[in-house]
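Residue numbers (my numbering): 181 to 562.
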């Protein structure tokens, strides 16, 4: 009986030990399996800022008219290549030719008046030498001659102006380029007033274009002339184009208390597939670091259930850099680690810490059954 009791006691003790071991293992496995994790990587990272913009010709010339008239002939159309001095359009010259003829008649009349005044002055001088007329009479003849000379000058200026207007009836291209817009038709009357009407728009060279893009004031401090730019357009969504920051315009644009600045980007368009007016989705590379420690952005956002939410520190006078906290999983234990942050992209952030190395496991979230109270995002487990 004693042996039987000892055997039963030993059996119960062994069973208790085995059950305790499995209970401890189950708790440990539950503790570690409730987290989604990811690894620290060693790699390259590029930081960019993004905005939308519009493709425009570098030089766009508006061709107008300096005289009023009806469009008689059009020699150029959309997309035509033109050279400097090439005739684009002619206005009806009938009225302008009439004005030239009238001015020419006025000039001839003024010339005849001057000839008569000169002859009278010469005769007056001869008569004055013989005392047949008074000096006052001679002065009047001199004044008549000078007045006739002035009238002749006015008539000549009027004729020159009318001839210039007749020349303006023939519209010529001021530059070599491509016609991107035509705003008149044959038979239409154009009126030259205080605001010159636009007849054509000529892009001087579409092989070189520019993007006018609006960047928020929070991003403008990271943008410098000469930086590399990558962009896409809706017409070719699978193709990436490149450019270079040319200029940051100092004049701000303010709409609904939002301040933006125009960033001008030079773009090569040797293939001619980029067209004026296209919307460009611009990314400017502001920094690039190679062979650095990278942590998933989800790891920086993760907070344990029992910890109050903390915000990432920003630059201060005593601490001129951003800092954050990640949670490292070491032997089934969660270890918070504070670190300094570098540049970031949409997926990873560069970090500086003596307590981290490539391959370390970080917590990025909770598993599905533990996610309801802590995290609103899901991260793939590696």
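C-beta atoms are modelled at their ideal positions from N, C-alpha and C, and glycine is treated no differently. Computed from a predicted model, the values in this text were never measured in an experiment.
- Task: From the DSSP output, in three-state form, read off residue 327 for me.
- Result: For the purposes of this step, residue 327 is identified with residue 147 of the chain shown, where counting begins at 1. Residue 327 sits in a helix when the DSSP states are folded into three classes.
- Message: Only counting the same chain, and skipping five residues up and downstream in sequence, which positions put a Cβ closer than 8 Å to that of residue 243?
- Response: Residue numbering aside, residue 243 sits at position 63 when the chain shown is read from its first letter. Shown here for residue 243: same chain residues with a beta carbon closer than 8 Å to its own, the five before and five after excluded, namely 268, 351, 353, 354, 378, 379, 380, 381 and 382 in chain order.
- Host alpha helix (DSSP H) of residue 266 (start-end): Here the question's residue 266 lines up with position 86 in the chain shown. Segment: none, residue 266 is in no alpha helix (DSSP H) and carries neither H nor E.
- Item | From 292, 399 and 361, residue whose alpha carbon lies closest to that of residue 262 | The residue labelled residue 262 in the question sits at position 82 within the chain shown. Distances from the CA of residue 262 to each of 292, 399 and 361 were compared; the closest alpha carbon is that of 361.
- Message: For residue 231, list the residues DSSP reports as bridge partners.
- Response: For the purposes of this step, residue 231 is taken as residue 51 along the chain shown, with counting starting at 1. Answer is 462.
- Query: If you follow the beta strand (DSSP E) that residue 542 is part of, which residue opens it and which one closes it?
  - Reply: In the chain shown, the residue the question calls residue 542 occupies position 362. Taken as a continuous stretch (DSSP letters only), the beta strand (DSSP E) holding residue 542 covers 541-546.
- Message: By DSSP's criteria, residue 383 is part of a beta bridge. Which residues make up the other side?
- Response: Residue numbering aside, residue 383 sits at position 203 when the chain shown is read from its first letter. Residue 383 is bridged to 240 and 358.
- Within this structure, are the beta carbons of residue 520 and residue 507 separated by less than 7 Å? For this step, residue 520 is matched to residue 340 along the chain shown. For this step, residue 507 is matched to residue 327 along the chain shown. Going by C-beta atoms, residue 520 is not nearer than 7 Å to residue 507.
- residue 483 - containing alpha helix (DSSP H), residue span: Within the chain shown, numbered from 1, the residue matching residue 483 stands at position 303. For residue 483, there is no enclosing alpha helix (DSSP H), as DSSP gives it neither H nor E.
- For residue 422, collect the residues of the same chain with a Cβ closer than 6 Å to its Cβ; drop the 5 residues on either side in sequence, then sort them by chain order. Within the chain shown, residue 422 is the residue found at index 242, counting from 1. For residue 422, where only same-chain residues beyond five positions count, the Cβ hits under 6 Å are 410.
- Message: Output needed for residue 257: all residues of its chain with C-beta closer than 8 Å, excluding positions within five of it in sequence on either side, in chain order.
- Response: The residue given as residue 257 occupies position 77 in the chain shown. When the five nearest sequence neighbours on each side are left out, the beta carbons in the same chain lying within less than 8 Å of the beta carbon of residue 257 are those of 359 and 362, in order along the chain.
- Three-pair Cβ contact test at 8 Å for the stretch 443-463 versus the stretch 381-401: Contact holds between the stretch 443-463 and the stretch 381-401, because three or more Cβ pairs, one in each stretch, are under 8 Å apart.
- Integer-rounded CB distance, given that residue 394 should sit under 8 Å from residue 433: Locating residue 433 in the chain shown gives position 253, where the first residue counts as 1. Locating residue 394 in the chain shown gives position 214, where the first residue counts as 1. Yes, they are in contact, since the Cβ atoms of residue 433 and residue 394 sit about 6 Å apart, within 8 Å.
- Message: Comparing C-alpha positions only, which one of 240, 400, 532 and 439 sits nearest to residue 228?
- Response: Sequence index remark: in the chain shown, residue 228 carries index 48 (1-based). Residue 400 is the option with its Cα nearest to residue 228.
- Item | Given residue 271 as reference, the closest of 277, 253 and 260 once Cα atoms are compared | For the purposes of this step, residue 271 is identified with residue 91 of the chain shown, where counting begins at 1. The shortest Cα separation from residue 271 among 277, 253 and 260 belongs to 253.
- Message: One question on the structure: do residue 308 and residue 318 come within less than 7 Å of each other, judged by their Cβ atoms?
- Response: Start at 1 with the first residue of the chain shown, and residue 308 comes out as number 128. Start at 1 with the first residue of the chain shown, and residue 318 comes out as number 138. Remark: C-beta atoms of residue 308 and residue 318 approach each other more closely than 7 Å.
- Item | Rounded C-alpha distance that separates residue 480 from residue 540 | The residue you call residue 480 lines up with position 300 of the chain shown. The residue you call residue 540 lines up with position 360 of the chain shown. Spanning the two alpha carbons is a distance of roughly 14 Å.
- Label residue 617 either buried or exposed according to how many other C-beta atoms from any shown protein chain fall within 10 Å of its C-beta, with 16 as the threshold for buried. No answer is possible for residue 617: the residues shown for the chain start at 181 and end at 562.
- Query: What are the boundary residues of the beta strand (DSSP E) that residue 413 is part of?
  - Reply: Here residue 413 refers to the residue found at position 233 of the chain shown. Note, residue 413: beta strand (DSSP E), 408-413.
- Residues that residue 404 bridges to, as DSSP identifies them: The residue labelled residue 404 in the question sits at position 224 within the chain shown. Beta-bridge partners of residue 404 (DSSP): none assigned.
- Per-residue DSSP class, three states only, for residue 394: Reading the chain shown from its first residue, position 214 is the one you call residue 394. Reduced to three states, the DSSP call for residue 394 is strand.
- Item | Cβ-Cβ separation, residue 251 to residue 367 (assumed contact under 8 Å), whole Å | Looking up residue 367 in the chain shown gives position 187. Looking up residue 251 in the chain shown gives position 71. That belief holds up - the Cβ atoms of residue 367 and residue 251 are roughly 6 Å apart, short of 8 Å.
- Query: Roughly how far, in whole angstroms, is the beta-carbon of residue 342 from the beta-carbon of residue 238, given that I think they are within contact range, below 8 Å?
  - Reply: As a position in the chain shown, residue 342 is number 162, starting the count at 1. As a position in the chain shown, residue 238 is number 58, starting the count at 1. Taking 8 Å as the upper bound for CB-CB distance, residue 342 and residue 238 are not in contact here, some 38 Å apart.
- Backbone CA spacing between residue 300 and residue 325 [nearest angstrom]: Taking the chain shown and counting its residues from 1, one reaches residue 300 at position 120. Taking the chain shown and counting its residues from 1, one reaches residue 325 at position 145. Computed Cα separation, rounded: 8 Å.
- Buried/exposed call for residue 398, threshold 16 Cβ in 10 Å: As a working note, residue 398 is residue 218 in the chain shown. Classification for residue 398: exposed.
- Message: Assuming the contact rule is C-beta atoms closer than 8 Å, residue 537 and residue 220 should be a hit. Round their C-beta distance to whole Å, please.
- Response: Reading the chain shown from its first residue, position 357 is the one you call residue 537. Reading the chain shown from its first residue, position 40 is the one you call residue 220. Correct: roughly 7 Å between the Cβ atoms.
- Query: Alpha carbon to alpha carbon, what distance is there between residue 348 and residue 283?
  - Reply: Walking along the chain shown from the start, residue 283 turns up at place 103. Walking along the chain shown from the start, residue 348 turns up at place 168. Approximately 17 Å between the Cα atoms of the pair.
- Item | Run of the alpha helix (DSSP H) containing residue 372, from where it starts to where it stops | Counting from 1 along the chain shown, the entry for residue 372 is found at position 192. Residue 372 -> no alpha helix (DSSP H), and no H or E assigned at all.
- Does the count of Cβ pairs from the stretch 284-296 and the stretch 320-339 closer than 8 Å reach three? Under the Cβ criterion (8 Å, minimum of three pairs), the stretch 284-296 counts as touching the stretch 320-339.
- Task: Ignore the nearest five residues each way along the sequence and tell me which others in residue 264's own chain have a CB closer than 7 Å to its CB.
- Result: The residue given as residue 264 occupies position 84 in the chain shown. Excluding residues within five positions, the ones whose Cβ falls inside 7 Å are 353, 354, 355 and 356.
- Query: Taking the alpha-carbon positions, what's the residue 328 to residue 297 distance?
  - Reply: As a first step, residue 328 is located in the chain shown; it is residue number 148 there, counting from the start. As a first step, residue 297 is located in the chain shown; it is residue number 117 there, counting from the start. One alpha carbon belongs to residue 328, the other to residue 297, and they sit about 7 Å apart.
- How many Å lie between residue 345 and residue 294 at the Cα? As a working note, residue 345 is residue 165 in the chain shown. As a working note, residue 294 is residue 114 in the chain shown. One C-alpha to the other measures close to 27 Å.
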